[in-house]
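Residue numbers (this note's numbering): 69 to 365.
Okay, structure coming up:
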């Protein structure tokens, strides 16, 4: 058995918040990735509309995770005016929408936290790590404390962190899709980095070809990260501070060269931007071409 490369186009989108993106002029892609916040509050009708929105995008495979706004998809009760029994029914109804007949018939895969393998018709085979969790507290969904590390086992965790990982990011995974960003990468709001240091530690260890996320609307963009041997980010020279930023060619595909095991393409695909009058859909998705493995007999 020999291993060859197969090119696959991947559309990345996030934080649609009940908005239907304009896909006029977009050619079909091989894979669609949505990294959460389909809805504003997890309303069941909004989830149904999201399934229709995802189904309308021309693609072979659709992968989606929840975000902190998709409250009904969290198995932990986040709704104060419901009993545990009422919430269990609400949550079950939400899961049925995301995994039921309409989703399955459109090849929509709703991913809980974990690692998955997918094959495309062009014989591309790739692995995906997915997690909807973001650091923080309060009534939003899929939360963990900043001192808790969901993404690394204890022996891989920073000294001042406690590992709670049951599904850590494995080495060699092709694509990581999380709702939130890693620390210091496309995560700034008013000059503050709001991404997760534990996630950065895990991604630097795993070195996927692409890490896609959203959550921080102000961080929309793409950047190519080159890793040092110790797992830290190799910073560009001071004279060229923007040399790693990537220009979105939407609706055309972006064919950025990624050195597997040395570089990771980071994509914050949040569609919404925060404004004084509320969230506005001012950003467009990304379409990225990846070189994936193909097992040929």
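In this text, a Cβ means the ideal position worked out from N, Cα and C, and glycines have one as well. All figures in this text were calculated on a predicted structure; none of them were measured in a lab.
Contact between residue 237 and residue 271 is confirmed by a C-beta separation of about 7 Å, below the 8 Å threshold.
By the Cβ neighbour-count rule, residue 161 is exposed, with fewer than 16 other Cβ atoms within 10 Å of its own.
In this structure, residue 198 lies away from residue 121, with their beta-carbon atoms at least 8 Å apart.
For residue 159, the secondary structure class from DSSP, reduced to helix, strand or coil, is helix. Residue 192: member of the beta strand (DSSP E) spanning 192-199, first to last residue.
Per DSSP, the continuous alpha helix (DSSP H) segment holding residue 113 begins and ends at 112-124.
When only Cα atoms are considered, residue 235 and residue 322 end up about 31 Å apart. Counting C-beta atoms within 10 angstroms of its own C-beta, residue 78 has 16 or more neighbours from the protein chains shown and is therefore classed as buried.
Around the beta carbon of residue 258, fewer than 16 other beta carbons sit within 10 angstroms, so the residue counts as exposed.
Cα atoms of residue 222 and residue 213: separation of roughly 16 Å, rounded to the nearest angstrom. Contact between the segment 322-339 and the segment 150-170 is absent: fewer than three C-beta pairs spanning the two stretches fall below 8 Å. Counting other Cβ atoms within 10 Å of its Cβ, residue 140 reaches 16 or more and is therefore classed as buried.
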